[in-house]
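Colleague: Got a structure for you, questions after.
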Amino acid sequence: MDNELSWKERHPEFSALVGKTVISIARGDDSIGFVCSDGTEYVLEHRQDCCESVTIEDICGDLSDLIGSPILVAEEVCGETAQPAGWHPGEYTESYTWTFYKLDTAKGGVTIRWYGESNGYYSESVSLERLK
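Each residue of the sequence shown is one higher than the one before, starting from 227 at the first, in our numbering.
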């Protein structure tokens with residue numbers, strides 16, 4: 227039997243985390259990995275291409291609140307907004323996007339805020355990828 231995941235299985239919607247119980251979290255520079263009790267593993271990240279920058283700007287809440295309790299809410303909110311006061315884009319920045327990932331359990335919640343900017347041609351999106 228082939229254990230390879232299809233493209234759709236490897237790139238689920240963020241809401242696929244609802245009902246999962248996270249047993250460990252690995253925070254990278256610009257990625258967050260989740261290992262779940264059912265053996266599934268996910269990473270939330272942006273795959274850098276060329277002329278864009280996408281980074282984790284802030285994590286509101288305690289990531290440890292996500293461990294050991296089923297995920298009740300897994301919500302993604304993204305979009306362009308008005309330029310923030312004092313915003314000074316880079317020389318080639320024509321586009322920017324804020325993306326918020328909200329995760330809630332009975333123990334507490336976390337909001338992960340990402341910021342991406344580009345020349346308008348490259349993607350500023352963040353994606354959830356299932357590794358196992």
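For each residue, glycine too, the CB sits at the ideal point set by N, CA and C.
Predicted model, so just to flag it, every value in this text is computed and none were measured.
Give me the Cα-Cα distance between P296 and A332, rounded to the nearest whole angstrom.
Modeller: Their Cα atoms are separated by approximately 8 Å.
Colleague: Please identify the residue among I249, C276, E271 whose C-alpha is closest to the C-alpha of D264.
Modeller: Comparing Cα-Cα distances from D264 to each of I249, C276, E271, the minimum goes to I249.
Colleague: Would you tell me roughly how many angstroms separate the C-alpha atoms of F326 and E235, rounded to the nearest one?
Modeller: Going by the C-alpha atoms only, they are around 22 Å apart.
Colleague: Using the three-state DSSP reduction, which class does D330 fall into: helix, strand or coil?
Modeller: D330 falls in the strand class under three-state DSSP.
Colleague: Roughly how many whole angstroms lie between the Cα atoms of L289 and R339?
Modeller: The alpha-carbon atoms of L289 and R339 are separated by roughly 13 Å.
Colleague: Going by alpha carbons, who is nearest to S344 out of C277, E239, T337?
Modeller: Per the Cα distances, C277.
Colleague: As a quick exercise: from C262, Q274, G254, pick the residue whose alpha carbon is nearest that of S349.
Modeller: Of the candidates C262, Q274, G254, the one whose C-alpha sits nearest the C-alpha of S349 is Q274.
Colleague: Pull up the distance between the alpha-carbon of V299 and that of S351, whole angstroms please.
Modeller: If I take the Cα positions, the gap works out to 20 Å.
Colleague: If you draw a straight line from the alpha carbon of H272 to that of I282, how long is it in whole angstroms?
Modeller: H272 and I282: Cα-Cα distance of roughly 10 Å.
Colleague: Would you give the residue range spanned by the beta strand (DSSP E) that E267 belongs to?
Modeller: E267 -> beta strand (DSSP E) spans 267-271.
Colleague: Measure the CB-CB distance between C286 and T247 and report whether it falls below 7 Å.
Modeller: No, Cβ-Cβ distance for C286 and T247 is not below 7 Å.
Colleague: In terms of alpha-carbon separation, which member of L292, W233, E301 lies closest to G259?
Modeller: The shortest C-alpha separation from G259 is found at L292.
Colleague: Taking E235 as part of the beta strand (DSSP E), name the residues at either end of that continuous run.
Modeller: Taken as a continuous stretch (DSSP letters only), E235 belongs to no beta strand (DSSP E), being part of the alpha helix (DSSP H) at 233-236.
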